[in-house]
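Only one structure is covered here, and it is reproduced in the block below.
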Amino acid sequence: MSQGTLRMYLNKKEPYSQGCNSQGVIHRDLKSNNLLLNDEMRVKVADFGTSCLETRCRETKGNMGTYRWMAQEMVKEKPYTRKVDVYSFGIVLWELTTALLPFQGMTPVQAAFAVAEKCQKLSLSQSSNHYTA
Numbered sequence: 010m011s012q013g014t015l016r017m018y019l020n021k022k023e024p025y026s027q028g029c030n031s032q033g034v035i036h037r038d039l040k041s042n043n044l045l046l047n048d049e050m051r052v053k054v055a056d057f058g059t060s061c062l063e064t065r066c067r068e069t070k071g072n073m074g075t076y077r078w079m080a081q082e083m084v085k086e087k088p089y090t091r092k093v094d095v096y097s098f099g100i101v102l103w104e105l106t107t108a109l110l111p112f113q114g115m116t117p118v119q120a121a122f123a124v125a126e127k128c129q130k131l132s133l134s135q136s137s138n139h140y141t142a
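10 is the number of the first residue of the sequence shown in this note's numbering; add one for each residue after it.
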């Protein structure tokens, strides 16, 4: 993705905030593979298999989703809100910026442990590991 195109998406509001999230839906598996571009280059959110209405979710704890994009509270199976989707979208923006897989060099379970137990965060630095404690 060109820097100009990336800037266009970064300068827009999060695509999810004006759609599902603003209506109280928690996607719970927001990741790059679930964000599609249509012919007009508009972002569309896909795969609502694990989503629920925040007010009607029986299970707003537990680790539904994909570990590399999963917020700490989901990994730790603590109660969460739709803010977990904002976290996941931030990981997607990091992917677009770096063109790397989040927590590259770790298994998905290691990535989840790093986020939940070691509070590791992704970094935009030029370091070789791209994450920090």
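Note that beta-carbon positions come from the ideal geometry of N, C-alpha and C, so glycine has one too.
Next item on the list: Can you tell me which of the three DSSP states LEU62 falls into?
Entry: Reduced to three states, the DSSP call for LEU62 is strand.
Next item on the list: Report yes if the CB atom of GLU49 is closer than 8 Å to the CB atom of THR90, and no otherwise.
Entry: Not a contact, by the Cβ cut-off of 8 Å.
Check: For LEU46, does the three-state DSSP call read helix, strand or coil?
Finding: In the structure shown, LEU46 sits in a strand (DSSP, three-state: E or B).
Checklist line | Which listed residue (ALA108, GLU126, PRO117) has its alpha carbon closest to that of SER132 | finding: Taking the Cα of SER132 as reference, the smallest distance to any Cα among ALA108, GLU126, PRO117 is reached at ALA108.
Note to self: According to DSSP, is LEU102 part of a helix, a strand, or is it coil?
What the structure shows: DSSP places LEU102 in helix when its eight states are reduced to three.
Check: For GLY33, which residues from the same chain have a beta carbon less than 8 Å from its beta carbon, with the 5 sequence-adjacent residues on both sides left out?
Finding: Apart from the 5 residues on each side of it in sequence, GLY33 sits with its Cβ closer than 8 Å to the Cβ of LEU62, GLU63, THR64, ARG91 in its chain, given in chain order.
Check: Candidates PHE98, ALA125, LYS130, GLU126: which alpha carbon is nearest GLN113's?
Finding: Taking only the C-alpha atoms, the option nearest GLN113 is LYS130.
Notebook entry, point to check: Between the C-alpha atoms of PHE122 and VAL84, what's the straight-line distance to the nearest angstrom?
Noted result: Cα-Cα distance, rounded: 8 Å.
Item checked: DSSP beta-bridge partners of LYS53 -> Note: LYS53 sits in a beta bridge opposite LEU45.
Margin query: Taking the alpha-carbon of TYR76 as reference, which of THR106, PRO111, HIS36 has the nearest alpha-carbon?
Written below: Nearest C-alpha to TYR76: PRO111.
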